[in-house]
Every structure is written in C-alpha cells, then in structure tokens.
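See structure below.
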Amino acid sequence: MENQNKITFSRRSFIRTSALASGGILIGFNFFTSCKEAAVPPVDVSQLNFNDFNAFIKIADNGYVTIFSPNPEIGQGVKTSMPMIIAEELDVPWEHVSVEQGALDTNNFTRQVAGGSQSIRFGWNALRETGATAKQMLVNAAAAKWGIEASSCSASNGVITSPTGETLGYGDVVNDAAQLEVPENVTLKATKDYKIIGKDAVNVDIDKIITGEPLFGLDYKAEGMKYVSVMRPPAFGQKVSSFDDTNAKSINGVSDVVQFGDKIAVLASNTWAAMKGKKALDVQWTNDGTLESTADHDKKLNAILDGNQLDIRREDGNVKKAFAEADQVLERTYESPFLPHNCMEPMNFYANVTADKVHLVGPIQTPAGTARRIANLIDRDEKDIHLEMTRMGGGFGRRLYGDFALEAAEISNITKQAVKVVFSREDDMAAGIYRPAIKYRIAASLKDGKVTGYHLKEAAINNNMYGLIPHFFPAGAIDNYKVETGNYRSNITTGAWRAPYTNFLAYAEQSFFDELAELLEVDAVQLRLDLLKNVKDGQDPDIQYSAKRMTDTIKLAAEKSNWGKTREGVYQGFAAYYSHNTHVAEVVDITLKNGYPSVEKVTVAVDCGIVVNPTGAKNQVEGGVIDGIGHAMYGDFSFDKGKPQDVNFNTYRLIRMRETPTVHTYFVENDLSPTGLGEPGLPPAGGALANAIKAATGQLLLKQPFMSVLKKYEANLKV
Amino acid sequence: MASYNLKVNGKSVNINVDDDTPLLWVLRDELNLVGTKFGCGIAQCGACTVHLDGVAVRSCSLPVSSLEGANITTIEGLAKDELHPVQEAWKELDVPQCGYCQAGQMMTASSFLKDNPNPSNEDIRNAMNGNLCRCASYNRIEKAVALAAKKMS
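These protein sequences, in sequence, are chains A and B.
Note that this note's numbering numbers the first sequence so that position 81 is 82, with each residue one more than the last.
Note that this note's numbering numbers the second sequence so that position 25 is 28, with each residue one more than the last.
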C-alpha cells in the first residue's frame, strides 16, 4: 500500500506567494517541477502569465477562493476534480470556490497536458500540498494575531479557531498571511477526514453549458476577425497543382484566398461565406506519393504478421518450446480499421500574429508543445506567444495534435489578419490524425489443462504499442510469453485515439481468453482469476498492474452482474483490463431481438484508488464504456486511393441513444492514491461485448466493427 | 444579400445575409448567439437544434430565406424567469461531459416533452435518437429527460 501522506517535494521549491494589490493573497505553484529561485507571483491578478507557475490560487479578503485550474478540460472533468483536491486541503466550503481555466505560456512547463488519463494521478500530491500549505499560512497568521502557538489552532470550512473558541475567517487574516514565509512542514488530511473529496461535485461549467454561454473554441470571437475555411488535399498522397479562385472570390463576404503549402485558405467575414468559398475553389490536384487503399493496408499488415521482421518487446521463458510441447494450440488474428476521432466540436483555432505578439485561442490538449511548434513555424520567440485554452468539445486524442492551430497561425502570419480556422465536419473527418488500422495475431499453447505459452504479434500502421503495454496482463501470468511488434509506414496521418492501442488490443486479448476458457472448459471469469494467481505483485518493475487489485475488481464485477446467474434469454460476456494505471472489469448483458444482439446492460467494476468526484468519475466510466461499445459495433473507416470513404455522419455511424446500454458502475473502495478515468473504461468494453455476442449466437467476432458481421441480423429488426 | 426579419428569443431582429445562409450561422455569426452548436452541417447530429414555433428543428439545414417572420427559440432563450425544467434536470444529474452537444440535446428534449408529458423510457430513447453525444453521456441524458418530465408534471 502506498503512503498517501508521503512528502515528495520541498514546498519552497514549488510554492510562492504574494500579497495582491487588490487585497488577498496569490499562491502560485508548479506541478512536478520547481520554480526558478527568483520567481514570484504577480501582485496584480490580471498579470498572471503562467510563466513561472502553472497554477494559482487566489484567496480574496472576503475569504472566497478562485482556483486557476491548470490542465486543459476536454470533458474528462479535471476542471472540477483538480480544484476539489486543493479545496479539500485548504479546507474551504466548496461553495466558496470558483474555478477559472488557467492560460498558458511556454516556459517552465512539464505536464499541462490532457492525455493518457494522468492529470489526477500526477497532480494528487502537488494539489494537496498546495492546499495544505495555504491553510497553514492562514493558521499561522491567525495565531500571530492572537499571540498564541499556531499548533494550538485549528481550521475548518474557511474558519480558524483558537483553543479558547475565538474565530477568524480566512478572509480576516489573508492579508497578514501574504506577508509570511511559506511554511516548510504541513500535515495532510487523513482520508477519513475528507469533506469534499469523495462527494459529488457538479461540473464547474454547468451553468454556462446549460444556458449556452460562450465556452468553447468555436464560440470565441475577436473584433475584426476573419473566418477561414481551408481546402486540403482530398486524398493522402496528393498536392496542389494549380487552382482558380475566381468563383470563390465572387462570393459575398469572401475577402482573401491564399495558398500555404499544399493547402488553400479562404478568408471571409462569416463562417458560411468561408465554407461556400472553399467549395467554389477550382483546384487541380496532382499525385505526390502513393495513394493507399484499405486493401493495400490489409496486405501489408498480413505480410508483417506472416514475416519474421518483428521487434521483440517482451519475452519470458521459452515460447517456442511451450508450443512444440503443447497438447493443443489456439491461434487467432484480429483486425480493426482506422478510426477518426469525431469530436463533436470540429477542430478550430484563433490566431492573431502581430509585430508585438502572437495571440492564440482555442481548444488544445497540448498547449505547451503547440505554442513551441508555432514559434518555430513562424520564426518567433516563444515569449511572444500567448495561448489561451478554451473548454474543448471533446478530445479523444485528436486535440493532442496542434495541426489546426498551426494552420491558423500560418494564415494569420501570411495575411496579417486575425483569423479563426473552422473545420467543417467533412474537413474534420477527412483531415484526421486517425487511430491506425491494426492487426493482432495471438497464439496460446495448452498442456495438461493449463495455458503454457502465449505469443502476441502486433502489425500496425506507422507506430506500435508504447510504454508498458507489452507488460500488461497476461505478462507475468504465463511462464512462456512473448510480444512482438512491427509496423508499416503510411502517408496517412495517425495518432493517439482514446486509450491508444489498448482500445483494440484489450478486445483482441479478452476475446481470445474467452475462447481459451471454452477450450479448457473453465468459466471465463475463473480463468482470469486462476491466471492472476501466478502473478507476484511488485516483483517485476515493468509489470505495474496489481494481481490483487485486478482480482478484487474482477470479483466485484462478477458479483454485481450476477455473473452466470442471469435469467433465460440474457447472455453475458466478460472482460477485464488494466490501462492508464486503473483496473477495470466489465460484464455485458445482451438479449436477442429477432436474432440481432441488443446490448442491455454493462456492469463495471473499477479500481482507480480514491474516487475524487464520484459523479464525474461515473460519467467518465459510463462514457468510456458506451464509446467502446459504439466503436466496436459501428466504427468503420476505409480509404480508396488515399481518399477517406466517409466524411460525415450520414454514412459514418456513431452509437446513438437507442443502441445504448445502461451502465452500472461500482468502485473498489480503498485509500490508494487516485488514478485517471478518461480512458480505462473503454478498452474492456469491446471484448466483453464480443464475448456476450458469442455466448448468444455462437458467432465469433474477429474483426471490428462487429456490424460487418452482424448486418445480416440487423435487417431482421423492426425499427 | 437580402434583409430578413426574425423573432429570436422573443426579440425582433433584422439581418442582412445571403439567402442561402443557414439559420445556424445567422445565430452564431450575426446575432452572437453561440450556444447553438455546429456539428455536422447536414442535420445528422442534432448539435444545432433550436425551436421553430416551438418545434425542434436543425438550424444547420434551414436557409434563412425560408424563415421570414419565423419565431425562433435558442438555448439562450430556453430559460424564462428561471431555468427550464430540462436545464434543471441536466444540472441536477450532472449530465455533460465535454458539454458541446448538450444545448442541442436540451432543445430536442424540451420540444419533445411539451407534446409528450408522460414519456416511457422507450419514447425518450426514440425522441433523443437523432442527437449524437460523442462523450456518450446517453445514460444521463435519458435519466434527465425523465426527471424533467417529472418536474413539469
């Protein structure tokens, strides 16, 4: 068990305070890195530049607290949950806290990123320490006022109390506290004393969302700004040969047409004119590379799996020997297509490049890296760049890539105008940075009723599984174990998509285990529990999943889902997966309607340590599970001669309400440090669904989307 | 360019735009009502849903030329003196994740509930089927529509 109260940084190195000109105190702090010796927060809150600190707390002289939340909000809930952690240790009523999105500058950062479900995990210590330090300063100030020992005072709910029962509000002492040294030793709360952490806190932007106030990148406007629609090559592997913009320029509102690289920007006084102008461009394209089709990728990936040019990523024991001595071998190949992200808010960004500065506003998961790339692109000093983050209408990995922000900066730099690049849905789907097509070939050797060997090969486009994925379960559970990967370099742009690699790998492996259980004639859940018994926690630094935590999680899911004890006509499928430091187990219940599987219910057990904000946490799990089911069922995306075959929701199918199961989420209760939830709910969903469909219909699903096989049943449905 | 008169959230407005301009862009770019969202532009996702004479419509596919004199309500006008029961329910159940599609969801729900005060779960699922939520907050949307119906009865 980890010790939650362990101090891992020196506070002096990452917290600084200053008295605010307007009264109150400003506390600047940094995650994961220390500040420069000379760094001091501004005395004027409007001068926050996030240069030396990436997060700030302001305590006003009325005791109200404003927390400038550092990490980008993409719907994963950190704009609510990260401030909750500060407020807990600061010990203020949550109602006295307001949250603002911090802006960004590019110096001295480490992790002002939304990605990998890591915001809470990495922020946990720094956020608690900062809140506790601020509280201690307020207590010290009150004690000094009373002329007594600080250790004899207590503070709770924004009020400091002396041993004789005198009280002072935080606001009463905040100006004194601002003059004090940052204390070196503070005590963090015990879990049992939490008043905010573990209680439901509604999304801090809720009032703006439900009343339609401007909040997202697409909503941002600046005086005189031009709306821009960008024409990009229609196929990967093409470039501009020539173009005629006569018709485009004749459209009301269109002011400029400029080429930059292999793209053409149409600037207009409103979005509609910009979009019409783009459509009116007459462009001749020429080939500038191979025009790849899905059938080509299929062949390339198969050749990788069949060949011997793979890289070994983990190898235990002797897989070759295990297979040679096996009673039986099971081998399967699983396939998945490319997938676009399809954030509901299409990509967009505002840029205004002037002689003095570069002003950027928009939805971006990687503000620091993007600002740096823009500085390079337009040859400016990084300190000229001011980037403001808006709330994001979904991310799913797509907004890790700043291509749309770079476009905006480049167009503004060329035209010397303030511009807002807006993607149409067609632009968004056709100029994607896709989840690449991947194939897995998995083989297992069985002997004397046991799994003796496991061999997994990954063939993917452009990249392969990263980090510790090769060491995920069943690494450690099977003596002879091997993971190999190979890739094919394509000119189609690919990147991270919610739970990269594991979003598909988990389905492949968890379907495979279901078949293994059948061959071994053991219950599917029991097979996982038996295998986990072989894993010794803490023995291998690369194996970071915990057999104990996974076992508890699996048992909770089995119990809550009535695994194996459902009424007639209900078929269940099971899957469990560890990713992004969180353990998850899921049971999918389906019924058949005229032979077509209807997904009724998903029971989910999650071990993410302490649950900071239960309502937000459940929202992430529900969303992740349904997202996983939706894409496993329907997500299909192919290319013909470099050209995406679907560019809008009329042909590209996303899960809709009628196809949605009810998700029941249960958390394993413990006192362990919290881990993230933006991604981990997704990976097991596809496998649990495939296993339920197999239980119901006998249909083995080796390929996503499942609709490619299930279409024949769907025709029977009366809708 | 032509001049059009609309009534938006109870206020008369006059705008000068091209006649094929969809209502969505009139609202967002001309009238600064950016609560109505752009999602697909082809009436497939529902993010742009507004009320035309009380009925839910897709503003991305309605040219302004067909709307002379029309009475439009957007998310900004859904609350009268206090929040609409749909908005209250959305807040109470903490429905949004990213929040982008939710204005459209609420406009569809409020129009549906006006004509169907006692919907079954199946009615709700059918009524909301046209609105995509990429974060898949569907479970909470379903519950919130039922809660709003209860609040309105």
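Cβ atoms here follow ideal geometry from the backbone N, Cα and C, with glycine treated the same way.
Predicted model, so just to flag it, every value in this text is computed and none were measured.
For residue i, the residue or residues it bridges with in DSSP
| i | result |
| --- | --- |
| A:N319 | DSSP lists no partner for A:N319. |
| A:W733 | It is not possible to answer for residue 733 of chain A, since the shown part of chain A is limited to 2 through 720. |
| A:F69 | A:F57, A:E101 |
| A:M232 | A:I265 |
| B:R61 | B:T52 |
| A:S446 | A:V330, A:G454 |
| A:A606 | A:A586, A:Y667 |
| A:N651 | According to DSSP, A:N651 bridges with nothing at all. |
Closer than 7 Å at the beta carbon, the chain A residues around residue i
| i | result |
| --- | --- |
| B:A59 | Correct list: empty, because the minimum Cβ distance to chain A is about 15 Å. |
| B:I45 | N649, N651 |
Of the listed residues the options, nearest to residue i (C-alpha basis)
| i | options | result |
| --- | --- | --- |
| B:H54 | B:Q47, B:G80, B:V37 | B:G80 |
| A:S99 | A:C154, A:D206, A:I198, A:Y228 | A:D206 |
| A:P685 | A:N288, A:G318, A:V589 | A:V589 |
| A:K561 | A:V187, A:A586, A:G308 | A:A586 |
| A:D380 | A:D531, A:E389, A:K358 | A:K358 |
| A:I443 | A:V484, A:S709, A:L683 | A:V484 |
| A:F217 | A:T486, A:L678, A:G395, A:Y502 | A:G395 |
| B:W93 | B:Q47, B:D118, B:K146 | B:K146 |
| A:L78 | A:V613, A:N481, A:A696, A:T212 | Before going further, note that residue 78 of chain A is Gly rather than Leu in the sequence given. Checked all of A:V613, A:N481, A:A696, A:T212; the closest Cα to A:G78 is A:V613. |
| B:R143 | B:K117, B:A112, B:N119 | B:A112 |
Cβ of residue i within 8 Å of any chain A Cβ
| i | result |
| --- | --- |
| B:P37 | Contrary to the premise, residue 37 of chain B reads as Val rather than Pro in this sequence. It does; some Cβ of chain A falls within 8 Å. |
| B:T52 | no |
| B:I78 | yes |
| B:E145 | yes |
| B:A139 | yes |
| B:K154 | no |
| B:P122 | no |
| B:G102 | yes |
| B:D32 | yes |
| B:A106 | yes |
| B:A82 | yes |
Status (buried if at least 16 other CB within 10 Å, exposed otherwise) for residue i
| i | result |
| --- | --- |
| A:T18 | buried |
| A:N377 | exposed |
| A:G132 | buried |
| A:S446 | buried |
| A:Y467 | exposed |
| A:Q180 | exposed |
| A:Q621 | buried |
| B:M131 | buried |
| A:Q310 | exposed |
| A:E332 | exposed |
| B:R128 | buried |
| A:P542 | exposed |
| B:M2 | This structure cannot speak to residue 2 of chain B, because chain B is shown only from 4 to 156. |
| A:G166 | exposed |
| A:I313 | exposed |
| A:P501 | buried |
| A:T554 | buried |
Within chain B, the residues that residue i reaches when beta carbons sit closer than 8 Å
| i | result |
| --- | --- |
| A:R659 | R128, N129, N132 |
| A:G496 | What A:G496 touches in chain B: nothing, since even the nearest Cβ is about 17 Å away. |
| A:G631 | A139 |
Contact with chain B by residue i, beta-carbon distance below 8 Å
| i | result |
| --- | --- |
| A:W95 | no |
| A:R654 | no |
| A:D628 | yes |
| A:N595 | no |
| A:G395 | yes |
| A:F110 | The pLDDT assigned to A:F110 is 35, lower than 50, so where the model puts this residue is not dependable; a value taken from the coordinates is nonetheless given after this. It does not: the Cβ of A:F110 has no partner Cβ on chain B nearer than 8 Å. |
Closer than 7 Å: residue i CB and nearest the ligand MN heavy atom
| i | result |
| --- | --- |
| A:N271 | The ligand MN is not part of this structure, which contains no ligands at all. |
Partner residues on chain B for residue i, Cβ-Cβ distance less than 9 Å
| i | result |
| --- | --- |
| A:S425 | F41, C43, G44 |
| A:P215 | N35, V37, G38 |
| A:N343 | L135, R137 |
Residue i: contacting residues in chain A (beta-carbon distance under 8 Å)
| i | result |
| --- | --- |
| B:N142 | E623, I627, T661, T663, V664 |
| B:T111 | Those within 8 Å of B:T111 in chain A number zero; the least Cβ separation is about 10 Å. |
| B:D22 | In chain order: nothing, as chain A lies at least about 10 Å away. |
Proximal residues of chain A, C-beta to C-beta of residue i below 9 Å
| i | result |
| --- | --- |
| B:P25 | W273 |
| B:P99 | G76, N204, D206, I207, I210, I211, N620 |
Any chain D beta carbon closer than 8 Å to residue i
| i | result |
| --- | --- |
| B:A149 | The structure shown has no chain D; the protein chains it does contain are A and B. |
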